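Read through the structure below, which is laid out as structure tokens, and then see the notes.
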Amino acid sequence: MGSAAPLSASVLLLLLLLLLLRAEQPRGAELTFELPDNAKQCFHEEVEQGVKFSLDYQVITGGHYDVDCYVEDPQGNTIYRETKKQYDSFTYRAEVKGVYQFCFSNEFSTFSHKTVYFDFQVGDEPPILPDMGNRVTALTQMESACVTIHEALKTVIDSQTHYRLREAQDRARAEDLNSRVSYWSIGETIALFVVSFSQVLLLKSFFTEKRPISRAVHS
Amino acid sequence: MAGVRAGLLRAMGRQVLLLLAVCATGARGLYFHIGETEKRCFIEEIPDETMVIGNYRTQMWDKQKEVFLPSTPGLGMHVEVKDPDGKVVLSRQYGSEGRFTFTSHTPGDHQICLHSNSTRMALFAGGKLRVHLDIQVGEHANNYPEIAAKDKLTELQLRARQLLDQVEQIQKEQDYQRYREERFRLTSESTNQRVLWWSIAQTVILILTGIWQMRHLKSFFEAKKLV
Chain X
1 MGSAAPLSAS VLLLLLLLLL LRAEQPRGAE LTFELPDNAK QCFHEEVEQG VKFSLDYQVI
61 TGGHYDVDCY VEDPQGNTIY RETKKQYDSF TYRAEVKGVY QFCFSNEFST FSHKTVYFDF
121 QVGDEPPILP DMGNRVTALT QMESACVTIH EALKTVIDSQ THYRLREAQD RARAEDLNSR
181 VSYWSIGETI ALFVVSFSQV LLLKSFFTEK RPISRAVHS
Chain Z
1 MAGVRAGLLR AMGRQVLLLL AVCATGARGL YFHIGETEKR CFIEEIPDET MVIGNYRTQM
61 WDKQKEVFLP STPGLGMHVE VKDPDGKVVL SRQYGSEGRF TFTSHTPGDH QICLHSNSTR
121 MALFAGGKLR VHLDIQVGEH ANNYPEIAAK DKLTELQLRA RQLLDQVEQI QKEQDYQRYR
181 EERFRLTSES TNQRVLWWSI AQTVILILTG IWQMRHLKSF FEAKKLV
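Chains X and Z, in that order, are what the protein sequence lines are.
At position 30 of the first sequence (counting the first as 1) the number is 30 in this note's numbering, and the numbers step up by one without a gap.
At position 89 of the second sequence (counting the first as 1) the number is 89 in this note's numbering, and the numbers step up by one without a gap.
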């Protein structure tokens, strides 16, 4: 009986730790998806109260590279709404616990489907070992140097991502231009032939029929 | 005495299992809704030799109770992954909850497509499916507690390992950037060449057509005795 009491206490502690881990589960989702024309796509995520989340989105290809975006809280209030934006970043501290939804809409476009990238981050980044989060002593110099380097490298990776997206946009436009030059040139050559042929034919038709007009001109 | 202790331990064991079950069925991040035969595709632009791990979980809409069922046995999702050349890298059917992994061998846009392959069409008719999805790429796909346990690393060594993984990811991304920039440059040079040659060709065609027109009309008018 005596050894069961500390055992139950340690089990309770483990349960409490598990509950705490569940309570604030820092998560991130980074996805690129295709949005067809006249379509809307929504994503949902459960956010705890008081937790800060951020949404970062960018249109990569399609049309005028713009999309409508809105974010709604669990009660249905629109906390962010933008129309025809190419890229934007939105941060919000959740006041209500519940499911937040954010939607991208391409309903204003009739024939261009778009590729949209978004990065939705909830809370802070989790530590790589579960017990790193609850330290009692301060970090050593080595550990704080590691933390600084980690944060700096995260910034580098983030800017690399943004550079890659911009480069993808430019490259898509360049490839589009490349194929367009071919099509337009072929089309213009055909149009040139058609116009010159029809000019000659039309001119010939003015003079082939014996019309009173031509006699009136001569007299 | 021993019987009471055993009973207490069993009760605690049940509690732990119950709590673990509660933890496990909780929401796993981002989710979206798809229709019955709808296909949802996601694009991941990644350098080569990068590992991608995807986790998903599906919940089916119950029309009578108007809630999403916690788990749906018998409902499958088909996952298809295509590499930048359009070749299928992974094409497998998973259950209602699954995990897929692939490693890229060519850099570029990989397309991950999901669509449901439900075996119970009658129940599912007109319903919608909630899919929880989580895709981790490259360094984020590493499971650090597992690495620490396998290689027996201290906390500091694990932090250093994470930094090394991050730097490796940055290096791969920069190599990929060099490859993309080369492609971009080739495309721009091709456009430049095309504009040059097509302009010359069109000017030549224009001049030749003009000459042909004048000659043809001159011979026509001479025949008509107007000139």
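We treat Cβ as the ideally placed atom computed from N, Cα and C, and that holds for glycine.
Quantities reported herein were computed from a predicted structural model and do not represent experimental measurements.
I want to see whether chain X comes within less than 8 angstroms of residue i, judged by CB atoms only; does it?
| i | result |
| --- | --- |
| residue 158 (chain Z) | yes |
| residue 31 (chain Z) | yes |
| residue 207 (chain Z) | no |
| residue 184 (chain Z) | yes |
| residue 188 (chain Z) | yes |
| residue 180 (chain Z) | yes |
| residue 61 (chain Z) | no |
| residue 167 (chain Z) | yes |
| residue 27 (chain Z) | Below a pLDDT of 50, predicted positions are generally treated as unreliable, and residue 27 (chain Z), at 46, falls in that range; the measurement from the model is reported next regardless. Yes - at least one Cβ of chain X is within 8 angstroms of the one on residue 27 (chain Z). |
| residue 145 (chain Z) | yes |
| residue 92 (chain Z) | no |
| residue 103 (chain Z) | no |
| residue 80 (chain Z) | no |
| residue 194 (chain Z) | yes |
| residue 163 (chain Z) | yes |
| residue 129 (chain Z) | no |
| residue 224 (chain Z) | yes |
| residue 149 (chain Z) | no |
| residue 200 (chain Z) | no |
So that I know if they touch, is there some Cβ in chain Z lying closer than 8 angstroms to that of residue i?
| i | result |
| --- | --- |
| residue 23 (chain X) | Confidence at residue 23 (chain X) is low in this model, with a pLDDT of 42, below 50, so the placement of that residue is unreliable and no value is reported for it. |
| residue 75 (chain X) | no |
| residue 189 (chain X) | yes |
| residue 128 (chain X) | yes |
| residue 38 (chain X) | no |
| residue 86 (chain X) | no |
| residue 204 (chain X) | yes |
| residue 172 (chain X) | no |
| residue 138 (chain X) | no |
| residue 178 (chain X) | yes |
| residue 162 (chain X) | no |
| residue 221 (chain X) | No statement about residue 221 (chain X) is possible, as the shown extent of chain X runs from 1 to 219 and does not include it. |
Tell me the rounded alpha-carbon separation between residue i and residue j.
| i | j | result |
| --- | --- | --- |
| residue 138 (chain X) | residue 159 (chain Z) | 16 angstroms |
| residue 116 (chain X) | residue 110 (chain X) | 17 angstroms |
| residue 48 (chain X) | residue 195 (chain Z) | 57 angstroms |
| residue 60 (chain Z) | residue 33 (chain Z) | 10 angstroms |
| residue 153 (chain Z) | residue 103 (chain X) | 43 angstroms |
| residue 191 (chain X) | residue 202 (chain X) | 16 angstroms |
| residue 206 (chain X) | residue 186 (chain X) | 31 angstroms |
| residue 225 (chain Z) | residue 186 (chain Z) | 58 angstroms |
| residue 35 (chain X) | residue 114 (chain Z) | 15 angstroms |
| residue 108 (chain Z) | residue 172 (chain Z) | 12 angstroms |
| residue 222 (chain Z) | residue 214 (chain Z) | 12 angstroms |
| residue 119 (chain X) | residue 208 (chain Z) | 57 angstroms |
| residue 88 (chain X) | residue 170 (chain Z) | 24 angstroms |
| residue 104 (chain Z) | residue 193 (chain X) | 49 angstroms |
| residue 53 (chain Z) | residue 147 (chain Z) | 16 angstroms |
| residue 39 (chain X) | residue 106 (chain X) | 5 angstroms |
| residue 102 (chain Z) | residue 27 (chain X) | 22 angstroms |
| residue 171 (chain X) | residue 184 (chain Z) | 6 angstroms |
| residue 177 (chain X) | residue 77 (chain Z) | 39 angstroms |
| residue 58 (chain Z) | residue 73 (chain X) | 23 angstroms |
| residue 223 (chain X) | residue 111 (chain Z) | A question about residue 223 (chain X) goes unanswered here, because the residues of chain X that appear run from 1 up to 219. |
| residue 189 (chain X) | residue 164 (chain Z) | 57 angstroms |
| residue 67 (chain Z) | residue 76 (chain X) | 18 angstroms |
Spell out the partners DSSP gives residue i in its beta bridges.
| i | result |
| --- | --- |
| residue 45 (chain X) | X:100 |
| residue 216 (chain Z) | Answer is none; residue 216 (chain Z) lacks a bridge partner. |
| residue 77 (chain X) | Looking at the DSSP assignment, residue 77 (chain X) forms no beta bridge with any residue, so it has no partner. |
| residue 58 (chain Z) | Z:131 |
| residue 64 (chain X) | According to DSSP, residue 64 (chain X) bridges with nothing at all. |
| residue 86 (chain X) | Paired residues: none, contrary to the question. |
| residue 54 (chain X) | X:91 and X:121 |
| residue 35 (chain X) | X:114 |
| residue 29 (chain X) | X:120 |
| residue 77 (chain Z) | Z:94 and Z:116 |
| residue 226 (chain X) | No information on residue 226 (chain X) is available, as it lies outside the stretch 1 to 219 that chain X covers here. |
| residue 44 (chain Z) | Z:110 |
| residue 207 (chain X) | Per DSSP, none; premise fails for residue 207 (chain X). |
| residue 59 (chain X) | X:116 |
| residue 150 (chain X) | Paired residue(s): none; residue 150 (chain X) is not in a bridge. |
Worksheet item: Using 8 angstroms as the threshold, is the region 83 to 98 of chain X in touch with the region 144 to 155 of chain X, meaning 3 or more CB pairs across them?
Response: no
Discussion item. Could you tell me which whole beta strand (DSSP E) segments of length 3 or greater appear in the region 100 to 133 of chain X?
Written reply: 114 to 122
Worksheet item: With a cut-off of 8 angstroms, do at least 3 Cβ pairs link the region 52 to 67 of chain X to the region 87 to 94 of chain X?
Response: yes
Worksheet item: Does the region 129 to 137 of chain Z come close enough to the region 35 to 51 of chain Z that 3 or more CB-CB pairs lie under 8 angstroms?
Response: yes
Worksheet item: Are the region 62 to 77 of chain X and the region 152 to 167 of chain X in contact at 8 angstroms, needing three or more beta carbon pairs?
Response: no
Fill in: Segments assigned alpha helix (DSSP H), at least 4 residues, entirely inside the region 130 to 218 of chain Z
144 to 151
Discussion item. If contact is defined by three or more beta carbon pairs under 8 angstroms, each pair taking one atom from either stretch, is the region 83 to 101 of chain Z in contact with the region 173 to 181 of chain Z?
Written reply: no
Worksheet item: Going along the chain, which unbroken runs of the beta strand (DSSP E) with 3 or more residues stay wholly within the region 79 to 119 of chain Z?
Response: 88 to 94, 97 to 103 and 108 to 116
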